[in-house]
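Throughout the sequence shown, residue numbering follows this note's numbering, covering 121 to 489 in sequence. Below is one structure, written out as structure tokens; the observations come after it.
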Amino acid sequence: MISKVADPSDVYQARFVQLYNGTGSEIDFDSETWYLCRQANGSPTSWGDVLLTGIIAAGGIFNIAYNQSYFNTAWGFDPNQVSGNITGNGDDGYFLYQNGDHSSGTLVDAYGVIDQDGSGEPWEYTDSKAVRKAGTTNPNPTWTASEWDITSATTAQIDPSTTTLPVELSSFTAVYANEFVTIQWATASETDVIGFNIYRAYEDDFSQAEQINFSLIPGHGTTTQPNEYSFIDETANVCITYHYWLESVNYGGTNDVYGSIQYDPVDVDGDGELNTIIHSYIEDAYPNPVKIGDEIHFDFMIGGLEGTTRPVSLNIYNIKGELVKEIINDYRVVNDYNETWRVNDITKGVYFYQLKTENYQETKKLLIQ
């Protein structure tokens with residue numbers, strides 16, 4: 121969709137139009153036909169059609185400029201595409217078409233009104249920048265004033281490297297932490313955000329991704345304060361490469377997708393080989409019930425990076441939650457274990473045994489007769 125239209129008051133040759141891809145998947149303009157079309161002064165015979173080329177990533181922006189040299193001088197980087205048809209001087213409309221140009225394609229998004237001169241109209245942008253408002257993530261073939269902010273601007277007041285989105289991300293990463301892949305992201309601001317979903321795929325293709333959170337991760341509505349989030353992907357194999365996407369769910373029924381980011385398997389000890397990660401668990405103790413004076417066996421795994429040590433405790437608690445027996449409270453090498461305890465110095469009744477490691481805790485029932 122069209123996210124920004126610029127006609128700088130100081131350097132008219134730096135004019136550009138910015139597109140934003142909020143579809144969740146990259147768009148390859150070399151395999152899909154898209155045109156950005158300019159209509160001058162509302163004249164039915166004054167069209168300039170630009171066949172788009174290149175790729176716009178999911179969640180990415182794409183700048184089409186009038187002049188590469190002036191654009192680079194103003195902002196320090198090159199536009200994605202250059203065309204002499206990007207000459208809109210404030211009263212010319214821009215229109216995004218799919219599967220053809222203005223005469224044969226389908227109108228997907230509009231800045232301005234077809235066959236209307238913009239002079240004196242609400243959408244006029246002479247010596248100004250027109251920026252799509254936060255929360256507007258879907259294209260609209262009918263220009264709608266409530267979707268846009270139009271303000272006078274010089275090149276110093278225009279930034280083609282950003283777009284206005286419901287969420288301004290300051291970071292988005294996927295890292296190994298305590299046996300699992302942990303997704304972390306931070307927002308610099310949020311606008312009308314209900315919450316977030318996380319998607320995962322083996323390939324960098326959002327159409328193949330699956331949502332991995334069972335319930336919406338709450339956002340902070342509208343705020344200019346920074347916020348940090350994290351999500352533990354307990355179903356991921358940390359020895360496999362994954363791609364992750366972040367979806368913001370917004371009031372008004374709009375969603376926006378960010379990413380992808382890539383998680384890479386870990387080589388924590390730097391030996392050039394990927395490390396094996398083992399997850400903690402505890403089996404059912406046996407025998408259970410157990411008689412006073414008999415032995416009971418606990419089979420369990422201390423999880424973590426293979427070859428390292430981790431803190432672990434195995435304790436017995438009564439029904440009041442009081443500690444009655446400490447079986448293990450130590451550091452042990454990541455491995456599987458069988459621990460034996462002879463039941464004595466304890467009365468008959470219902471108890472609970474609990475295995476606890478850095479990021480794992482499980483409690484099970486034990487009956488002593």
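Cβ coordinates follow ideal geometry from the N, Cα and C atoms, glycine included. Every value quoted in this text rests on a predicted model; they were computed, and no experiment measured them.
Here glycine 423 really is in contact with threonine 477; their C-beta atoms are around 6 Å apart, less than 8 Å. Of the candidates Phe472, Ala308 and His340, Phe472 places its Cα closest to the Cα of proline 409. In the DSSP assignment, phenylalanine 191 falls within the unbroken alpha helix (DSSP H) covering 188-195. Assigned with DSSP and collapsed to three states, glutamate 459 falls in strand.
For threonine 355, the closest C-alpha among the options Glu415, Ala405, Thr302 and Tyr406 is that of Thr302. Counting the other Cβ atoms within 10 Å of the Cβ of asparagine 183 gives 16 or more, which makes it buried. Per DSSP, the continuous beta strand (DSSP E) segment holding arginine 320 begins and ends at 300-321. Between the C-alpha atoms of asparagine 209 and tyrosine 349 there is a straight-line separation of about 43 Å. Apart from the 5 residues on each side of it in sequence, serine 239 sits with its Cβ closer than 6 Å to the Cβ of Asp211 in its chain, given in chain order. Counted as a single uninterrupted DSSP element, the stretch harbouring tryptophan 243 is not any beta strand (DSSP E), since DSSP gives it neither H nor E. Scanning its chain for C-beta atoms nearer than 7 Å, with the 5 sequence neighbours on each side dropped, one finds around aspartate 384 the residues Thr361, in chain order.
Excluding its 5 nearest sequence neighbours in each direction, histidine 340 has C-beta neighbours in its own chain below 8 Å: Thr307, Glu310, Val313 and Asn347, listed in chain order. Per DSSP, the beta-bridge partners of serine 368 are Phe316 and Asp376. For alanine 185, DSSP records a beta bridge to Phe136 and Val202. Pairing glycine 142 with aspartate 376 gives a Cβ-Cβ distance under 8 Å.
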